[in-house]
Amino acid sequence: MTAPPTAAPQKSEATSVQAPRQKVLVTGGGGYLGFSLGSSLAKSGTSVILLDLRKPQWELSPGTEFIQADVRDEEALVRAFEGVDCVFHVASHGMSGAEKLQKEQIESVNVGGTKLVIDGGGTLRTCVLRPPGIYGPEEQRHLPRVAGHIRKRLFLFRFGDRGTRMNWVHVRNLVQAHVLAAEALTAARGYVASGQAYYINDGESVNIFEWMAPLFEKLGYSQPWIQVPTSWVYLAAALMENVHLALRPICSLPPLLTRSEVSGPLLGEPCTLVPPRPPSRPFATPSCHIPSPL
Numbered sequence: 001m002t003a004p005p006t007a008a009p010q011k012s013e014a015t016s017v018q019a020p021r022q023k024v025l026v027t028g029g030g031g032y033l034g035f036s037l038g039s040s041l042a043k044s045g046t047s048v049i050l051l052d053l054r055k056p057q058w059e060l061s062p063g064t065e066f067i068q069a070d071v072r073d074e075e076a077l078v079r080a081f082e083g084v085d086c087v088f089h090v091a092s093h094g095m096s097g098a099e100k101l102q103k104e105q106i107e108s109v110n111v112g113g114t115k116l117v118i119d120g121g122g123t124l125r126t127c128v129l130r131p132p133g134i135y136g137p138e139e140q141r142h143l144p145r146v147a148g149h150i151r152k153r154l155f156l157f158r159f160g161d162r163g164t165r166m167n168w169v170h171v172r173n174l175v176q177a178h179v180l181a182a183e184a185l186t187a188a189r190g191y192v193a194s195g196q197a198y199y200i201n202d203g204e205s206v207n208i209f210e211w212m213a214p215l216f217e218k219l220g221y222s223q224p225w226i227q228v229p230t231s232w233v234y235l236a237a238a239l240m241e242n243v244h245l246a247l248r249p250i251c252s253l254p255p256l257l258t259r260s261e262v263s264g265p266l267l268g269e270p271c272t273l274v275p276p277r278p279p280s281r282p283f284a285t286p287s288c289h290i291p292s293p294l
């Protein structure tokens with residue numbers, strides 16, 4: 001009598017199941033914040049779609065796709081939403097300078113475009129991030145404009161209460177805030193950020209002219225010491241706005257300051273939240289901004 005043959009040992013292999021790669025859409029992805037956010041997400045392994053009317057001036061990171069489209073183009077938005085897990089709505093218009101006077105364009109992009117993004121995204125969990133002026137490497141909207149005015153000796157005076165403080169935010173801090181907000185809109189975090197508004201800044205309040213002091217120093221110019229009443233500057237800004245609007249059909253003469261840039265650091269702006277819908281896809285938007293001071 002013989003024992004049954006012993007079965008040959010079977011080899012076992014451990015098969016790793018890789019989690020599906022997350023896919024996100026960043027509207028306004030051709031701008032400074034949108035591109036910085038998209039690049040950071042792509043480096044972490046996320047598949048990123050950047051959507052903007054203007055092409056980015058920087059080279060796209062691996063794992064990033066650019067779609068040239070208007071945020072007010074409903075069909076383009078619907079196509080861009082396909083297979084997307086999270087939407088970062090960063091597209092905006094009229095954040096500084098002469099753009100602040102383009103009221104119809106501001107209404108069309110910031111209100112109409114945002115409505116299309118929300119409607120086209122289906123069922124969303126939303127939150128709002130509210131940053132002040134953004135700064136960082138290669139920023140082209142605020143500091144270069146200020147530096148240009150300093151070189152032209154247009155900042156020979158200062159205005160406002162010296163005790164008035166405001167906030168700024170470094171682009172890396174703002175990018176991190178968006179990433180954390182997206183995580184807080186997921187089921188794993190209990191949708192804790194849903195329906196909330198967050199003020200994002202560096203955590204340090206500074207006077208605008210004190211904040212710009214290193215810029216004056218690096219450019220080799222002394223800081224303004226002549227104090228001018230804010231009301232005078234406000235009236236001058238109103239005059240510059242009217243001159244700009246009157247000459248716009250003939251030539252472009254950007255105002256040195258706008259009224260909102262004079263009053264913005266002192267008064268701020270109200271922020272309105274869109275009520276959240278039932279959970280499905282997370283959605284983070286900094287569509288409500290504090291106007292940048294310069």
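full-length UniProt numbering puts the first residue of the sequence shown at 1, with every later residue one more than the last. We put the CB at the ideal spot given by N, CA and C, even for glycine. Source: prediction; values computed, not measured.
{"Asked": "Quick one: what does DSSP say Asp119 is sitting in, helix, strand or coil?", "Found": "helix"}
{"Asked": "For Thr27, which of helix, strand or coil comes out of DSSP?", "Found": "strand"}
{"Asked": "Look at the alpha carbon of Arg162 and the alpha carbon of Gln227, and state the distance between them as a whole number of angstroms.", "Found": "10 Å"}
{"Asked": "Figure out for me which residue from Ala184, Phe209, Val90, Tyr221 has the closest Cα to the Cα of Val262.", "Found": "Phe209"}
{"Asked": "Identify every run of the alpha helix (DSSP H) within the region 20 to 107, keeping only runs that are complete inside it and at least 4 residues long; order them along the chain.", "Found": "32 to 43, 74 to 81, 103 to 106"}
{"Asked": "Near Gly34, which residues of its chain fall below 8 Å by C-beta distance, leaving aside the five closest residues on each side in sequence?", "Found": "Val26, Thr27, Gly28, Leu50, Asp52, Phe88, Val90, Ala91"}
{"Asked": "Going straight from the alpha carbon of Ser36 to that of Val175, what length do you get?", "Found": "7 Å"}
{"Asked": "Using the Cα positions of Arg248 and Asp70, report the straight-line distance between them to the nearest angstrom.", "Found": "24 Å"}
{"Asked": "Thinking C-beta only, is Tyr198 closer than 8 Å to Ala181?", "Found": "yes"}
{"Asked": "Would you call Gly38 buried or exposed, if buried means 16 or more other Cβ atoms sit within 10 Å of its Cβ?", "Found": "buried"}
{"Asked": "Can you tell me whether Tyr198 is helix, strand or coil according to DSSP?", "Found": "strand"}
{"Asked": "Would a C-beta distance cut-off of 8 Å place Asn201 and Asn167 closer than the cut-off?", "Found": "yes"}
{"Asked": "Could you name each continuous alpha helix (DSSP H) segment of 4 residues or more that falls completely within the region 197 to 267, going from the start of the chain to the end?", "Found": "208 to 211, 213 to 219, 230 to 247, 259 to 267"}
{"Asked": "Arg158 bridges to which residues according to DSSP?", "Found": "Gln227"}
{"Asked": "Would you list the one or two residues that DSSP bridges to Tyr135?", "Found": "His170"}
{"Asked": "Looking at the structure shown, is Lys11 part of a helix, part of a strand, or coil, going by DSSP?", "Found": "Low per-residue confidence applies at Lys11: pLDDT is 34, beneath 50, and the placement is therefore not dependable enough to give any value."}
{"Asked": "Would you decide whether Phe159 is buried or exposed? Buried here means 16 or more other CB atoms lie within 10 Å of its CB.", "Found": "buried"}
{"Asked": "Leaving out five residues before and five after Glu139 in sequence, what residues of the same chain have Cβ atoms less than 6 Å from its Cβ?", "Found": "Tyr32"}
{"Asked": "Could you give the DSSP three-state label for Arg130: helix, strand or coil?", "Found": "strand"}
{"Asked": "Taking just the CA atoms, how far does Ala188 sit from Ala177?", "Found": "18 Å"}
{"Asked": "What's the C-alpha gap between Glu104 and Ile118?", "Found": "20 Å"}
{"Asked": "Just how far apart, CA to CA, sit Pro214 and Lys152?", "Found": "17 Å"}
{"Asked": "Spatial neighbours of Gly30 within its chain, please: CB distance less than 7 Å, with the 5 preceding and 5 following residues excluded, ordered by chain position.", "Found": "Leu50, Asp52, Arg54, Lys55, Pro56"}
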